[in-house]
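Residue numbers (my numbering), protein chains in the order written: chain A, 1 to 127; chain B, 128 to 254; chain C, 255 to 381.
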């Protein structure tokens, strides 16, 4: 069983949940009432961090687990931690300004590329 | 193989699909044309139910399966049913008014917390 | 191990990523600045393709894998390819006009229905 990847999955799920909780906080702070999702740029950037992370969950989680199962648990878990770190940086950057989202985004995208390569190598090797 | 969790997963996927079908119904009823996602509060609340459920799918499904694999199939499946029940209540409440979304939301969030605890206990025990 | 389904999962994840990259391209083309998600119907349709695919990922991926694990790897992978084909058609159609999204949407929905049937048959047979 890929124990390390299981732990990293829990951490990624918790991060996704924490980013979700930033949205109602930003609603209160910038006066954007439910069910609206627009109205203030500072709110919209926090909302977009959560949405973009949501968009990447079905990219990240399948790659993470295919890499863990077909290639290596420890390697997948390590790249998963890099992805989480990139996502945290993306959140802190994007919350400040649109252009500050780039470094974190790049890191988490690179982690996914490496997970993809690991998954491909693993699947080819297992055939 | 975690049979019960597999069945509950099918039910959760079907619920997610059913909530998605409520969106075009609300579009027709409240006159919000595609591709817009705003324009009428009654439509926007139904749209938000679907979106919020989508946001929680990558929280719920990984926790459900980690709990099933590392802890116990039956316990995970039972909590999954509680989650589905909470989501149904969230839909019926939120469709009526913003403040009526709270009880269902709380139930499904508690189910996820218990799944998380089950997953952590299971992973620690398996090390 | 369901090798074919693993490969189709990678293809589906890559498609989801490619559809995501269409959004910033449409932003530039139709002059919709981040973090806005509305402002030009041509942009909004491309945005909706990506969102709708995101909405279907937690329907498609669980059904694909339950069908692969409980029923048959090859059958699940084949239906997964049909789903990807339907999604490509949905993208090319919806990018042109709202009403041209229907054929691709129907194909990918039918692929999911067959995956669901495969999963149910497989789970029942394994009890």
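Just so you know, even glycine gets a beta-carbon here, dropped at the ideal spot from N, CA and C. None of the values given here were measured: they were computed from a predicted structure.
Do residue 188 of chain B and residue 273 of chain B come within 9 Å of each other at the CB atom, strictly closer than that value? Past the boundaries of the shown model lies residue 273 of chain B; chain B is included only from 128 to 254, so the question cannot be answered.
By the 10 Å Cβ neighbour count, where 16 or more other Cβ atoms means buried, how is residue 238 of chain B classified, buried or exposed? Counting the other CB atoms within 10 Å of its CB gives residue 238 of chain B a total of 16 or more, which places it among the buried residues.
Delimiting residues of the alpha helix (DSSP H) encompassing residue 276 of chain C: Looking at the DSSP string, the run of the alpha helix (DSSP H) that includes residue 276 of chain C is 257 to 284.
Classify residue 77 of chain A as helix, strand or coil using the three-state DSSP reduction. Assignment of residue 77 of chain A by DSSP, reduced to helix, strand and coil, places it in the helix class.
Under 9 Å, do residue 191 of chain B and residue 309 of chain C count as touching if we go by C-beta distance? Not in contact: residue 191 of chain B and residue 309 of chain C (Cβ atoms no closer than 9 Å).
Does the beta-carbon of residue 126 of chain A have 16 or more other beta-carbons within 10 angstroms, so that it is buried, or is it exposed? Within a 10 Å sphere around the beta-carbon of residue 126 of chain A sit fewer than 16 other beta-carbons, which makes this residue exposed.
Compare the C-beta of residue 267 of chain C against all C-beta atoms of chain A and say whether one is closer than 9 Å. At least one CB atom of chain A sits nearer than 9 Å to the CB of residue 267 of chain C.
Close beta carbons around residue 250 of chain B, own chain, < 8 Å, minus the five adjacent residues each side: 193, 197.
Pick from B:202, B:221, B:143 that is closest to residue 256 of chain B, judged by C-alpha positions: Because chain B spans 128 through 254 in this model, residue 256 of chain B falls outside it and cannot be assessed.
Going by C-alpha to C-alpha distance, which of B:200, B:223, B:240, B:144 sits closest to residue 131 of chain B? Nearest of B:200, B:223, B:240, B:144 to residue 131 of chain B, Cα basis: B:200.
Straight-line gap, residue 185 of chain B to residue 57 of chain A (C-alpha atoms, nearest Å): C-alpha separation (whole angstroms): 7 Å.
Taking just the CA atoms, how far does residue 278 of chain C sit from residue 255 of chain C? Going by the C-alpha atoms only, they are around 37 Å apart.
Span separating the alpha-carbon of residue 299 of chain C from that of residue 207 of chain B: Distance between residue 299 of chain C and residue 207 of chain B, taken at the CA atoms: about 34 Å.
List the residues of chain B whose Cβ lies closer than 8 Å to the Cβ of residue 58 of chain A, in chain order. The contacting residues are 185.
Would you say the region 151 to 171 of chain B touches the region 286 to 301 of chain C, given that touching needs at least three Cβ pairs under 8 Å? The region 151 to 171 of chain B, when compared against the region 286 to 301 of chain C, does touch it at the 8 Å Cβ threshold.
Name the residue from B:157, B:143, B:231 whose alpha carbon lies nearest to the alpha carbon of residue 178 of chain B. With distances taken between Cα atoms, residue 178 of chain B lies closest to B:143.
Answer yes or no: do residue 83 of chain A and residue 107 of chain A have a C-beta to C-beta separation smaller than 9 Å? The Cβ-Cβ distance between residue 83 of chain A and residue 107 of chain A falls below 9 Å.
Using only the alpha-carbon positions, how far apart do residue 229 of chain B and residue 175 of chain B sit? Spanning the two alpha carbons is a distance of roughly 13 Å.
Quick one: grab the DSSP three-state call for residue 370 of chain C. The answer is helix: DSSP assigns residue 370 of chain C an H, G or I state.
Whole angstroms are fine: how far does the CA of residue 280 of chain C sit from the CA of residue 241 of chain B? The alpha-carbon atoms of residue 241 of chain B and residue 280 of chain C are separated by roughly 42 Å.
Alpha carbon to alpha carbon, how far is residue 28 of chain A from residue 91 of chain A? Give it in angstroms, no decimals. Their backbone Cα atoms lie some 18 Å apart in a straight line.
Distance CB(residue 87 of chain A)-CB(residue 19 of chain A) smaller than 9 Å: Yes.
For chain A, is any of its Cβ atoms less than 9 Å away from the one on residue 323 of chain C? Judged by the 9 Å Cβ criterion, residue 323 of chain C is not in contact with chain A.
With burial defined as no fewer than 16 other Cβ atoms inside 10 Å of the residue's Cβ, what is the status of residue 231 of chain B: buried or exposed? The residue in question, residue 231 of chain B, is buried, as its Cβ has 16 or more Cβ neighbours within 10 Å.
Three-state secondary structure (DSSP) at residue 64 of chain A? Here residue 64 of chain A sits in helix by DSSP.
Candidates A:39, A:109, A:78, A:98: which alpha carbon is nearest residue 6 of chain A's? Closest by alpha carbon: A:78.
For residue 39 of chain A and residue 224 of chain B, the rounded distance between their alpha carbons: Residue 224 of chain B and residue 39 of chain A have their C-alpha atoms spaced approximately 21 Å apart.
Closest Cα partner of residue 85 of chain A within the set A:95, A:99, A:109, A:68: Selected option, being the one with the closest Cα: A:109.
Between the region 97 to 115 of chain A and chain C, which residues of the former have CB atoms less than 7 Å from a CB of the latter, in chain order? For the region 97 to 115 of chain A, which is checked against every Cβ of chain C, the residues closer than 7 Å are 98.
Tell me the rounded alpha-carbon separation between residue 349 of chain C and residue 285 of chain C. Distance from the CA of residue 349 of chain C to the CA of residue 285 of chain C, rounded to the nearest whole angstrom, comes to 16 Å.
Between the Cα of residue 121 of chain A and the Cα atoms of A:68, A:11, A:100, which residue gives the shortest distance? A check of alpha carbon separations from residue 121 of chain A across A:68, A:11, A:100 identifies A:68 as the nearest.
Interface partners of residue 9 of chain A on chain B, CB under 8 Å: 189, 193, listed in chain order.
State the DSSP-derived secondary structure class of residue 167 of chain B, mapped to helix, strand or coil. It is coil, neither helix nor strand.
In its own chain, which residues sit with a C-beta less than 6 Å from the C-beta of residue 93 of chain A, not counting the 5 before and 5 after it? Cβ neighbours of residue 93 of chain A beyond the five flanking positions: 100, 101, 104.
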